[in-house]
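Convert by adding 143 to the 1-based position in the sequence shown; the result is the number in this note's numbering.
Heads up, the beta-carbon is just placed ideally off N, CA and C, and yes, glycines get one too.
On a predicted model such as this, the values are computed, not experimentally measured, just so you know.
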Amino acid sequence: MGSVRVLIGRGTLFMDFRYQGKRCREYTALTDTPANRKCLERALAKVDAQIKAGTFDYAASFPGSRVVLVPEHESPTSAAPYPASRVAAAAARSSALSTPTLREFTTQWLAEHQVEWRRSHLKVLNSTLQGHLLPAFGNRPVGAITKGEILALRAQLAELPGRSNDKLSNKRINGILALLTQIMNNAADRFGFVSPCATLKRLKVRKTDIEPFTLDQVQTILQVVRPDYRDYFTVRFFTGMRTGECHGLKW
């Protein structure tokens with residue numbers, strides 16, 4: 144029975160198990176959090192079950208691993224390192240995980256969570272999905288989407304036009320990928336694979352320069368504003384409330 148352990152010095156998780164009498168370790172970039180540990184434990188449980196059933200294929204389960212071990216049910220004469228074509232085939236089998244496509248899973252995910260959201264928020268989510276995420280990954284199984292493909296999508300988004308003919312802002316790109324991260328992390332938790340978004344870093348967003356009114360300017364505005372708006376502006380100036388927050392108040 145394998146175990147999920149923490150790599151000392153880095154604080155990241157790795158799988159530790161035995162196969163064919165050898166101790167095997169497969170490292171990840173996942174930090175030691177309850178959600179990441181639970182996800183990795185599920186993946187390890189599948190590995191243990193396949194080893195016991197004699198159907199475990201190391202290259203298929205860990206296509207990027209440097210460890211190359213021949214499945215127990217194959218001939219010992221094939222113990223030489225896998226040729227490139229075989230590694231590619233194993234990677235292809237691994238990509239064909241029995242998981243729904245992103246389009247199918249997203250439909251289910253939206254149906255389960257839309258009760259939590261306002262109609263306006265749901266409209267924004269659907270716009271992001273239809274405009275960017277589903278055209279890119281809609282027909283791909285969620286278990287087959289890789290971090291490299293997500294990074295390629297991010298690079299493509301950076302070239303799209305934004306407002307005023309400028310490129311799409313880092314803030315908007317982060318918002319698009321944040322939705323993908325939510326979906327992929329949820330799928331990874333359900334189907335027992337490591338989310339490719341787990342170590343995805345947000346792009347740096349330039350801070351907006353804010354120049355608030357001085358106290359003298361505030362007093363001047365309150366003196367000349369329409370009397371029926373004076374209380375409203377007083378609340379806005381001295382509480383820092385946002386428009387929606389202030390408009391939601393009752394007198």
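Residues of its chain near residue i, where Cβ-Cβ distance is below 6 Å and the 5 sequence neighbours each way are ignored
{"i": "Gly-387", "result": "none"}
{"i": "Leu-311", "result": "Leu-300, Leu-303 and Gly-305"}
Three-way DSSP call (helix, strand, coil) for residue i in this model
{"i": "Met-327", "result": "helix"}
{"i": "Leu-150", "result": "strand"}
{"i": "Arg-161", "result": "strand"}
{"i": "Arg-373", "result": "helix"}
{"i": "Arg-385", "result": "coil"}
{"i": "Lys-393", "result": "coil"}
{"i": "Thr-249", "result": "helix"}
{"i": "Leu-173", "result": "strand"}
{"i": "Thr-198", "result": "coil"}
{"i": "Leu-311", "result": "coil"}
{"i": "Thr-244", "result": "strand"}
With 16 other Cβ atoms within 10 Å as the buried cut-off, status of residue i
{"i": "Gly-286", "result": "buried"}
{"i": "Ala-341", "result": "buried"}
{"i": "Leu-173", "result": "buried"}
{"i": "Tyr-201", "result": "buried"}
{"i": "Thr-198", "result": "exposed"}
{"i": "Thr-250", "result": "exposed"}
{"i": "Asn-282", "result": "exposed"}
{"i": "Gly-335", "result": "buried"}
{"i": "Ile-151", "result": "exposed"}
{"i": "Ala-231", "result": "Note that Ala-231 scores 47 on pLDDT, short of 50, meaning its location in the model is unreliable; the coordinates nonetheless yield the value given after this. Ala-231 comes out exposed."}
Beta-carbon contacts of residue i that lie in its chain and below 8 Å, excluding the five residues immediately before and after
{"i": "Phe-356", "result": "Ile-364 and Phe-380"}
{"i": "Lys-290", "result": "Pro-339, Cys-340, Thr-342 and Leu-343"}
{"i": "Asp-359", "result": "none"}
{"i": "Thr-271", "result": "Gly-318, Ile-319 and Leu-322"}
The ligand HEM heavy atom lying under 7 Å from the CB of residue i
{"i": "Leu-358", "result": "Only the bare structure without any ligand can be found here, which leaves the ligand HEM out of the picture."}
Nonlocal neighbours in the same chain, by C-beta distance under 7 Å from residue i, ignoring five residues either side
{"i": "Glu-169", "result": "Phe-157, Met-158, Phe-205 and Ser-208"}
{"i": "Thr-382", "result": "none"}
{"i": "Asn-329", "result": "Trp-252"}
{"i": "Cys-389", "result": "Val-378 and Arg-379"}
{"i": "Arg-180", "result": "Val-147 and Leu-156"}
Whether residue i touches residue j by CB criterion (8 Å)
{"i": "Asp-191", "j": "Met-144", "result": "yes"}
{"i": "Lys-393", "j": "Val-348", "result": "no"}
{"i": "Val-361", "j": "Thr-171", "result": "no"}
{"i": "Ile-319", "j": "Leu-346", "result": "no"}
{"i": "Leu-245", "j": "Ile-293", "result": "no"}
{"i": "Pro-243", "j": "Pro-284", "result": "yes"}
{"i": "Met-327", "j": "Ile-288", "result": "yes"}
{"i": "Leu-397", "j": "Gln-273", "result": "Summary: the structure shown does not reach residue 397, with the chain confined to residues 144 through 394, and so no result is reported for it."}
{"i": "Asp-332", "j": "Ala-178", "result": "yes"}
At 4 residues or longer, what runs of the alpha helix (DSSP H) sit wholly inside the region 259-308? 262-271, 277-280 and 290-300
Which whole runs of the alpha helix (DSSP H) in the region 313-360 are 4 residues long or more, in chain order? 313-334
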